[in-house]
Amino acid sequence: MTPFTERVIQIIKDIPYGKVMTYGQIAANAGSKRAARQVVRILHSMSEKYYLPWHRVINAQGKIGIQSEEGFWEQRTRLESEGVKVDNQGKISLERYQWFPGKETEEDIYEI
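According to full-length UniProt numbering, the sequence shown holds residues 1 to 112 in order.
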């Protein structure tokens with residue numbers, strides 16, 4: 001496993017309950033800001049093996065990026081079960097729910 005892949009897996013594992021990150025944001029935090037598609041591949045191939053909270057990863061527009069109807073609804077349901085509001089188009093407020101590693105607020109720490 002490459003160091004980049006290891007960092008991506010750890011970043012995804014660290015996304016708190018009720019928060020989201022974008023593919024590009026994860027790539028940048030792992031050291032390669034142009035590797036968003038690689039993050040998608042890592043999620044697709046390693047989510048089960050490493051018990052990754054894949055549903056907390058969304059696209060740069062703040063939307064659920066899964067194309068299949070079944071996958072879309074599964075991600076939406078998981079996010080909503082954590083208190084994340086998702087609109088009818090699958091959009092999530094990045095202003096409200098986006099997580100920035102190392103920049104936790106008091107609200108992030110006590111919100112469950």
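The C-beta atom is built at its ideal place from N, Cα and C for all residues, glycine as well.
Simplified DSSP assignment, three categories, for residue i
i     : result
Ile92 : strand
Gln38 : helix
Gln67 : coil
From the options, residue whose alpha carbon lies closest to that of residue i
i      : options                        : result
Ile92  : Phe100, Arg76, Pro101 and Ile9 : Arg76
Val60  : Thr5, Gly18 and Ala35          : What sits at residue 60 in the sequence shown is Ala, not Val. Ranking the options by Cα distance to Ala60, first place goes to Ala35.
Gly102 : Ile9, Asn29 and Thr2           : Asn29
Inter-residue CB distance, residue i and residue j (contact presumed, cutoff 8 Å)
i     : j     : result
Lys19 : Arg56 : 7 Å
Glu82 : Tyr17 : 5 Å
Bridge partner(s) assigned by DSSP for residue i
i     : result
Gln61 : Bridge partners of Gln61: none, in fact.
Gln98 : Val20
*Identify every run of the alpha helix (DSSP H) within the region 3-36, keeping only runs that are complete inside it and at least 4 residues long; order them along the chain.*
You should have 3-14 and 23-29.
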